[in-house]
Amino acid sequence: MTGIDDLSLRDELRGKSPYGAPQLEVPVRLNTNENPYPLPDELVARIAERVAEAARTLNRYPDRDAVELRAGLAGYLTASTGHRVDTAQVWAANGSNEILQQLLQAFGGPGRSAIGFDPSYSMHALIARGTGTGWVSGPRREDFTIDVAAAEHVIGEQAPDVVFLCSPNNPTGTALAAGTVLALYDAAQRAARDRGRRGALVVIDEAYAEFSHRPSLLPLLEGRPHLVLSRTMSKAFGAAGLRLGYLAADAAVVDAVQLVRLPYHLSAVTQATALAALEHTDTLLGYVQQLKGERDRLVAELTALGCEVTESDANFVQFGRFADARAAWQTLLDRGVLVRDNGVPGRLRVTTGTPEENDAFLDAVRELMKENER
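Remember, the working numbering sits 23 above the position in the sequence shown when you count from 1.
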């Protein structure tokens, strides 16, 4: 049998593993940051109506530029943040990962580099590698916040073409202050200009923004043509299976990613489903409020149990500190609860579930802590 090592694979991909989380059949699955609430019946019915309409024209290619969908997303961003966003400033793709890939295809690539501040979303480095973009791992403090001075230093030293910032950050849940983003944006532009380049792209990954205590960083786009905000419908909209991500940026950035997008990349069915979801924004964001309350309950109860909990603005919580995080992960799994081991030393991450799922998780942690006391 031919193995992957027998193929003429690019050298930088050899020995690497694909992104993924184990999907095990357990009573409580809290490892992939999904929204635990199914879509409401009225939205499911509306999706069926819109998809049926789209099905009548499936013999034709979909709207290549997804104009109606982009207008709907621009309206949602404007209404939810209070900052006006035009259709020309929005682009949509198959999940935020395709958005990130298109950005790196356009602004990264061979001979260019990107930086992220680890631990952070591992797909940033994986997509960088897949597009031939060099990767630089920047520092975080022990509490997982970004040390602005240290970050400015490494940006000035490395002069990356693309800077990734997560707010809230995955897997830690920590959010960024606007001042931090502005300082690093300015540092990236200075470093680029010092080397005779037009600028450096700074991408704020706001996949979990709707769950945050802080306002969106979207208003920072004003007057900053190299700043990009990435979002998804997978989390707050409870539509992980839809695979719809989008960005907001200067219209010139939208023009740039269209140079690398595949033709007709968003199917008519995807566009129809996303438009139906946008019609039910108020209902879906009501679930977000419930999850924020449950997230805060998890933080409070884990802290009371003696866990070290990272402050979270997302729909998940990082907790520990365990002498052997993998053993702790297995102990919880043995009790029917699947959480995520992201490789952060001594810590695990749990997705906020329904109240019943969260109760089961907390009961399992209580048993784990009792075992650790023996």
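We put the beta carbon where it would ideally sit given N, CA and C, even for glycine.
Quiz item: Between P238, E165, D273 and G139, which lies nearest to P248 when the distance is taken from Cα to Cα?
Solution: The option with the nearest alpha carbon to P248 is D273.
Practice problem: Within the same chain, show all residues whose beta-carbon is closer than 6 Å to that of N54, passing over the 5 residues directly before and after it, in chain order. | Solution: A44, L361, V362 and R363
Quiz item: Under the rule that 16 or more other beta-carbon atoms within 10 Å means buried, what is K409, buried or exposed?
Solution: With the chain covering only 24 through 397, there is no way to say anything about residue 409.
Quiz item: Going by the CB atoms, is the gap between V185 and A148 shorter than 8 Å?
Solution: For A148 and V185, no; Cβs fall outside 8 Å.
Quiz item: Quick one: what's got a C-beta closer than 6 Å to P191's C-beta in the same chain, skipping five residues either side?
Solution: A198, Y231, S235, D336 and A337
Self-check item: Closest residue to L285 among E121, S160 and V108 (Cα-Cα distance)
Solution: Answer by Cα proximity: E121.
Exercise. Give me the Cα-Cα distance between S40 and P194, rounded to the nearest whole angstrom.
Key: 19 Å
Quiz prompt | Burial state of N82 (16 or more Cβ within 10 Å) | solution = Residue environment analysis places N82 among the exposed positions, since fewer than 16 neighbouring C-beta atoms fall within 10 angstroms of its C-beta.
Practice problem: With a 10 Å radius around its C-beta and 16 neighbouring C-beta atoms as the bar for buried, classify Y42 as buried or exposed. | Solution: exposed
Exercise. Please name the residue, chosen from A327, L371, E175 and E302, that lies closest to G98 on a Cα-to-Cα basis.
Key: Out of A327, L371, E175 and E302, E302 has the C-alpha closest to the C-alpha of G98.
Quiz item: If you draw a straight line from the alpha carbon of E137 to that of A210, how long is it in whole angstroms?
Solution: Here residue 137 is Ala; the residue named in the question, Glu, does not match the sequence. Roughly 14 Å separates the two Cα atoms.
Quiz item: When the Cβ atoms of the segment 91-107 are set against those of the segment 298-316, are three or more pairs found closer than 8 Å?
Solution: As far as the Cβ criterion goes, the segment 91-107 touches the segment 298-316, which means the pair count is three or higher.
Quiz item: Between the C-alpha atoms of Q124 and T168, what's the straight-line distance to the nearest angstrom?
Solution: 25 Å
Exercise. Please report the Cβ distance between S239 and T104, rounded to the nearest whole angstrom; I am assuming they are in contact, meaning their Cβ atoms lie under 8 Å.
Key: 5 Å
Exercise. Given a cut-off of 8 Å, decide if G246 and A214 are closer than it, judged by their beta-carbon atoms.
Key: no
Quiz item: First and last residue of the alpha helix (DSSP H) that includes R216?
Solution: A201 to D217
Practice problem: Verify whether the separation of the beta carbon atoms of L92 and Q294 is less than 8 Å. | Solution: L92 places its beta carbon less than 8 Å from that of Q294.
Quiz item: Hey, is the segment 153-165 in contact with the segment 317-331, meaning 3+ C-beta pairs nearer than 8 Å?
Solution: no
Practice problem: Within the segment 110-159, note down every full alpha helix (DSSP H) run reaching 4 residues or more, in order along the chain. | Solution: 118-130 and 145-153
Quiz prompt | Nonlocal neighbours in the same chain, by C-beta distance under 7 Å from A151, ignoring five residues either side | solution = L127, G131, A137 and W158
Exercise. Please report how far the alpha carbon of A111 lies from the alpha carbon of G268, in whole angstroms.
Key: Taking the straight line from one Cα to the other gives about 16 Å.
Quiz prompt | Under the three-state DSSP convention, the category A271 falls into | solution = strand
Practice problem: Helix, strand or coil for T255, going by three-state DSSP, please let me know. | Solution: strand
Practice problem: Please check the pair R266 and N117, which I expect to be a contact at CB under 8 Å, by giving their CB distance rounded to whole angstroms. | Solution: 5 Å
Quiz prompt | R370 to Q341 span [Cα, whole Å] | solution = 7 Å
Quiz prompt | I276 - DSSP class collapsed to helix/strand/coil | solution = A quick correction: the sequence has Val, not Ile, at residue 276. Three-state result, V276: helix.
Quiz item: If you check the beta carbons only, do G309 and P59 fall under 8 Å apart?
Solution: no
Quiz item: In three-state terms, what does DSSP make of F234?
Solution: Helix, per DSSP.
Practice problem: To the nearest angstrom, report how far apart A102 and D109 are at their CA atoms. | Solution: 12 Å
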